[in-house]
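What follows is a set of notes on a single structure, which appears directly below.
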Amino acid sequence: MNVVIVESPAKAKTINKYLGSDYKVLASYGHVRDLPAKDGSVRPDEDFAMSWDVDAKAAKRLSEIAEAAKGADRVILATDPDREGEAISWHVLEVLQKKRALKDAKVQRVVFNAITKSAVTEAMANPRELDMELVEAYLARRALDYLVGFTLSPVLWRKLPGAKSAGRVQSVALRLIVDRELEIERFRTQEYWTVEAEVAAGGDPFTARLVKHEGKRLSKFDLGNEASAFAARDAVKAATFKVAAVERKPGRRSPPPPFTTSTLQQEAARKLGFSAQRTMQAAQKLYEGVDIGGETVGLITYMRTDGVQTAPEALDEARAVIGGLYGKDYVPEKPRFYSTKAKNAQEAHEAIRPTSLGRNPGKLRLEGDLGRLYELIWKRMIASQMESARIERTTIDLESADGRTGLRATGQVVTFPGYLAVYEEGRDDPEDEEGGRLPQVAEGAQATVRQAKADQHFTEPPPRYSEASLVKKMEELGIGRPSTYASILERLRDRSYVRMEKQRFVPEDQGRIVTIFLEEFFGKYVEYDFTADLEDQLDQVSAGDLDWKVLLKNFWADFNAKVGELGQIGTREVIDALDESLASTLFPPMADGSDPRVCPRCGSGRLSLKPSRTGAFIGCSNYPECRFTRPFGPPDAEGAEASGDRDLGTDPQTGETVWLKAGRFGPYVQLGEGEKPKRSSLPKGWSVADMDLEKALRLLRLPREIGPHPEDGKPILAGIGRYGPFVQHNGTYANLPSVDEVFEVGLNRAVDLIATKRAGGKRGGEAEALKDLGAHPADGQPVRVLAGRYGPYVKHGSTNATIPKGADPKALTLDEAVKLLAEREAKGGGKKKPARKAKAEPKAKKAPAKKAPAKKAAAKTPAKATPAGDIDDDESPF
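Here the sequence shown stands for residues 2 to 879, numbered as in this note's numbering.
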């Protein structure tokens, strides 16, 4: 018997079909061990010894694997073909050796780039030893991330109230976002004008722009105001032109290479609107296998790769498919070969491509995210092997009779589409394309200006990063690895260091403060070059060119010393240093030359940076006599006025002024100025800039009485509480899905919500059904998609399985749901049965009660552990 160990049950099921009855395929369900989230899991003083704990859920699965291995002739470790996969195999092997489960079994390692019968069969025929250099690269990375997280984060907690964590790669990614925001804030808009003319030269009219004025070539800002632009426009109208030159240049556009992990994430963000995490979840399913006509088949090759090369048989198939679908003109003379250009490319597996290009996305009819992502991957692979697009670029130069005014027209036309017939790469910030085809004109021909116009423009700051552009920037700088990007970006959002606005990253105040703190006191460790160099060293470990413990020793010596230095600095000194470092941003020079730090309310206090558990703010030194505050950032940030308060108007009921204020816990509205005025914080998602009197009064009137309950006549109220919007009746609270509904919910809806809540007790009753998927194939019971308090989930009987974050719950299929439920049950899912009470001992004569000993030895206090977040496969918990 041969025992094969893979990560996922879906993969295990597929591979078992390929290998037959002589093989037993078991799933580890990902990593089986991890570093305990407490101090001492990595011990630098003991030559970086590491303690590993078996996950409670994994213990049962490891016992099953060990039991199967005891009677096996061969144990085949077949986890994913990358560093993490090698690490999982190593962990499983370590556990099996400790359990003495291997006996005489031969241990082999196999990898396959695709879950297809041919790929699996070939891999089984070519086993190898465990690659310890890859394992050591994993251990080095894991130790680095742990040491940075568990050493630096506690420093943050002590020195910066409200800070949550820092991480080796996470903090550098955050710095990119913050640096871009500072660029935007420092940006000063500049006005410029352009002049265009509609010109005819013996044929159809075309548009030309002014490029020479008064004998001088124009630069972007030469026409800086309306007067100069109108003068130039009038000069164009008054001049007579002839065609000075006509240039037509043929050109070619070559297709992009097939996808890597990074480019797939970027393109899925641009074209499909997917987050990096959502992209990787869909790609994982496509790789592990999808049911097609009763057979589960892996549809794409492994999706964590830096490589752009493609197997020869795939190139041959691509050329055949292109010829069949588009004709021989679209097939280049020979296959295209690509090489990796990215910095620090490692583990260069094959590019991401369909396992068979004959599986046309139109014929597969995959639903939801899987269908859209597969189509993108298929088109990119097909396009990468197609003929180049042929284009013609045309430039027409026109000159006035006196030679002092010049116009230019440019155009571009595709003469042969080539790969563009299938696919065109998206752009984060598309530039204006050159115009279309220009008419045929002859050099020396007279040209007539039919009309001319001058247009005003303003320069714009660089755009905030989208997921696609941030991933691209991180890859260019060599920061992190593409397989880690999804978890890094998700963690920044989870820590509330950033928020998303219009699919762009905006740093929160706390994120900005953490970044400035790290730059000020740990500058070396958030430098882009330093982080990229560390990645280079990790690559050297995986290549066998550097000892992993030498890397750790060199890093730890400097890092630990730096942490020790900061420990001697008081919190006040830290805040003062940040205040000074941020002075030019927080307190820019005043137009009248006055001191920007003078408090605008009391006139004698000094403004400075103040910390709080929810983030930093600007406050007056005369507190509590003067309670002036404003949000962190420049004086006009978020549309706040220089005084920090904004008069929204007068409440018609009380005659008191309604204020919009900025406090240490965020913006709020306030009625009047008494000793205890009524206040209400702005709900999440409400913008300070959009606040007006009507919105403020709606908040200040909460809780709102909806009406009497039909059963007892007691009022039902709607309001916003600690846990969000709600309706309430006689002590029962039911959540509302949105803040807006607080102001709109009617009596019938409120009564129904209260009844549902009471019917379900603390669980809140039956969740809203989003989709009925049909009967479960095992027992015929219904399988449904429900909207739960913590997100959508699948329900079957007593088993609830969470739908992966980013997946569309309404696009979920029955097969996908059954797999999720099976995975949940394998992990011990389903409702817990009530614990049986221990059988009562038979009644016997009571022994004389012993006197309780004095409180001498209380229960042992567990060793203090450093709090941490969830630990990820590829990154530290920070």
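The beta carbon of each residue, even a glycine, is placed where N, CA and C say it ideally should be.
Asked: Which of helix, strand or coil does DSSP assign to Ile804?; Found: coil
Asked: Where do the N-terminal and C-terminal ends of the beta strand (DSSP E) with His92 fall, by residue?; Found: First-last for His92: 84-99, but that is the alpha helix (DSSP H), not the beta strand (DSSP E).
Asked: Considering Asn555, what are the terminal residues of the beta strand (DSSP E) in which it resides?; Found: Looking at the DSSP string, Asn555 is not in any beta strand (DSSP E); the run it does join, the alpha helix (DSSP H), is 549-568.
Asked: Quick one: is Asn731 buried, meaning 16 or more other Cβ sit within 10 Å of its Cβ, or exposed?; Found: exposed
Asked: Could you have a look at Glu657 and say whether DSSP puts it in helix, strand or coil?; Found: coil
Asked: Any idea if Gly204 is buried or exposed, counting beta-carbon neighbours within 10 angstroms, 16 or more meaning buried?; Found: exposed
Asked: When the Cα atoms are used, what is the spatial distance from Leu374 to Tyr420?; Found: 19 Å
Asked: Tell me, please, which residues DSSP counts as bridged to Ile392.; Found: Gly252, Val415
Asked: To which residues does DSSP link Gln109 through a beta bridge?; Found: Ile77
Asked: Taking the runs of the alpha helix (DSSP H) that are 4 residues or longer, which of them lie wholly in the region 297-342?; Found: 313-327
Asked: Would you call the region 320-336 and the region 393-400 in contact, with 3 or more CB pairs under 8 Å?; Found: no
Asked: Roughly how many angstroms separate the alpha carbons of Val575 and Gln310, rounded to a whole number?; Found: 50 Å
Asked: Can you find a C-beta in chain D that's less than 8 Å from the C-beta of Asp713?; Found: You won't find chain D in this structure, because it holds only one protein chain.
Asked: Which residue comes first and which comes last in the alpha helix (DSSP H) that contains Thr532?; Found: 529-543
Asked: Taking its Cβ as the centre, do 16 or more other Cβ atoms sit within 10 Å of Ser585, making it buried, or is it exposed?; Found: exposed
Asked: Kindly identify the DSSP beta-bridge partner or partners of Gln729.; Found: Leu718, Tyr734
Asked: So, is Pro632 buried or exposed, given that buried needs 16 or more other C-beta atoms within 10 angstroms?; Found: buried
Asked: Do you know how far the Cα of Pro508 is from the Cα of Ser688?; Found: 15 Å
Asked: Grab the span of the beta strand (DSSP E) containing Pro362 for me, first residue to last.; Found: Per DSSP, Pro362 belongs to no beta strand (DSSP E); it is in the alpha helix (DSSP H), 362-365.
Asked: Buried or exposed for Ala839, going by 16 or more other Cβ atoms inside 10 Å?; Found: Interpretation of Ala839 is limited by its pLDDT of 42, a score under 50 that renders its predicted location unreliable; no figure is taken from the coordinates.
Asked: Beta-carbon within less than 7 Å of Gly725's beta-carbon, same chain only, minus the 5 sequence neighbours each way: which residues are those?; Found: Asn736
Asked: What's the C-alpha gap between Val4 and Leu365?; Found: 33 Å
Asked: Taking only three categories from DSSP, how would you classify Val247?; Found: strand
Asked: Could you check where the beta strand (DSSP E) with Gly650 kicks off and where it finishes?; Found: 647-651
Asked: With DSSP collapsed to three states, give me the class of Lys14.; Found: helix
Asked: Between which residues of its own chain and Gly620 is the CB-CB distance below 6 Å, once the five residues before and five after are set aside?; Found: Lys611, Thr630
Asked: Can you tell me the Cβ-Cβ gap for Met387 and Val423, rounded? I've got them flagged as a contact below 8 Å.; Found: 7 Å
Asked: On the three-state DSSP scale, how would you describe Lys820?; Found: helix
Asked: Can you have a look at Thr460 and say buried or exposed, based on whether 16 or more other CB atoms are within 10 angstroms of its CB?; Found: exposed
Asked: Taking a contact to mean a Cβ-Cβ separation below 8 Å, would you say Ile116 touches Thr15 in this structure?; Found: yes
Asked: How about Val173 and Tyr486: are their beta carbons less than 8 Å apart?; Found: no
Asked: What does a CB cutoff of less than 8 Å around Ala823 pick up in its chain, not counting 5 residues either side in sequence?; Found: Pro10
Asked: Tell me the residue span of the alpha helix (DSSP H) that contains Met591.; Found: Note, Met591: premise wrong, no alpha helix (DSSP H); not H, not E.
Asked: Let me know the secondary structure DSSP gives Leu700 once reduced to three states.; Found: helix
Asked: Would Ile6 be called buried (16 or more neighbouring beta carbons within 10 Å of its own) or exposed?; Found: buried
Asked: Which residues mark the beginning and the end of the alpha helix (DSSP H) in which Phe194 is found?; Found: According to the sequence provided, residue 194 is Trp. The question's Phe does not apply to it. It is not in any alpha helix (DSSP H) - Trp194 instead sits in the beta strand (DSSP E) that spans 192-201.
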